[in-house]
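2 protein chains.
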Amino acid sequence: MAKHDPDLDQLFQALADPTRRAVLTRLAEGPATVSELARPTGLRLPTVMRHLSVLEGAGLIASAKDGRVRSCAIVPEALAPLRSWLDDQRALWEARLDRLDDYVTKLMKEREHGPGPKN
Amino acid sequence: MAKHDPDLDQLFQALADPTRRAVLTRLAEGPATVSELARPTGLRLPTVMRHLSVLEGAGLIASAKDGRVRSCAIVPEALAPLRSWLDDQRALWEARLDRLDDYVTKLMKEREHGPGPKN
DNA sequence: ATGATACTTAGCGATATGGCTAAACATGAT
DNA sequence: ATCATGTTTAGCCATATCGCTAAGTATCAT
């Protein structure tokens, strides 16, 4: 079980950080250098470098060095696996939606009566 | 900058783990108890418990205790924020690609006449 | 060749994550 | 009451993550 899908792992992991999502959004406007990406974050360069290499490791961005400047750009097709995972899940979830709906409703009702566990 | 969106943070973070994704996929088939969810993972109960509370914290599942058994179910609308983030990004990324396309086209045309810009 | 610029690497500290065991509850069955 | 069952809590260990500073490398400008 637990088919390890390192691709999805890395994608989700990379996107779990707000700084990294902000970088992606910034890069959607066009390529930028490391410093340009760092400035609006308020973080130090090495820290941003780390974020960038996580993004690059996940395949979300590509970068190349020109002289002493590295410029980074989005890899547009990188979100595809994520999108198809989402689509797959939605398909599965919706297949059971009717039953789940009833069930959740029942859960909520139960929760209103019995005080759940002491949490 | 970096508007922290804890909602997305938690969602992406929760989905970054293969065990947790497997649990979700399992739950798409219908509700299950903690033990039932634990069995196929090969992990110990407390470990699975932790995964479940991460999923519940992210709003991806709901659970309620009936007697000594806790059953868990998917929360179907939970993926919505993720889906809309993805859609937003895709829109931005595609807009960028269009502009890039135009830009390249423009470069080509200019090049036919005079020497292009310095880079 | 000197210095400024733009990254890059190395390494530290605090906290988070993901696994475990052992022990505690809580409920259902006898 | 006792015991089995199903979950939960507490706490440990190893590793990963995210921030930093300090020092290194490479390139460009003078």
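Going down the list, the sequences are from chains A and B.
Residue -5 is where the first sequence starts when you use my numbering, and the numbers rise one by one after that.
Residue -5 is where the second sequence starts when you use my numbering, and the numbers rise one by one after that.
The beta-carbon is built from N, C-alpha and C at its ideal position, and this holds for glycine as well.
These numbers come from a predicted model, not from an experiment.
Exposure label - Leu46(B); buried when at least 16 CB within 10 Å: buried
Assess contact between the segment 61 to 81 of chain A and the segment 40 to 56 of chain B, defined as three or more Cβ pairs (one per stretch) separated by less than 8 Å. Is contact present? Contact between the segment 61 to 81 of chain A and the segment 40 to 56 of chain B is absent: fewer than 3 CB-CB pairs across the two stretches fall below 8 Å.
Note the first and the last residue of the continuous alpha helix (DSSP H) segment covering Arg14(A). 12 to 22
Taking all protein chains shown into account, do 16 or more other C-beta atoms lie within 10 angstroms of the C-beta of Leu39(A), making it buried, or fewer, making it exposed? exposed
For Thr19(A), decide whether its Cβ has a neighbour in chain B, counting only Cβ atoms nearer than 8 Å. yes
Applying a beta-carbon distance threshold of less than 7 Å, which residues of chain B neighbour Arg84(A)? Chain-order list of chain B residues neighbouring Arg84(A): Leu73, by C-beta distance under 7 Å.
Check whether the Cβ of His(-2)(A) lies closer than 8 Å to any Cβ atom in chain B. yes
From Asp81(B) to Pro75(B), what does the alpha carbon distance come to, in whole angstroms? Distance from the CA of Asp81(B) to the CA of Pro75(B), rounded to the nearest whole angstrom, comes to 10 Å.
Pull up the distance between the alpha-carbon of Ser78(A) and that of Ala32(A), whole angstroms please. Cα atoms of Ser78(A) and Ala32(A): separation of roughly 31 Å, rounded to the nearest angstrom.
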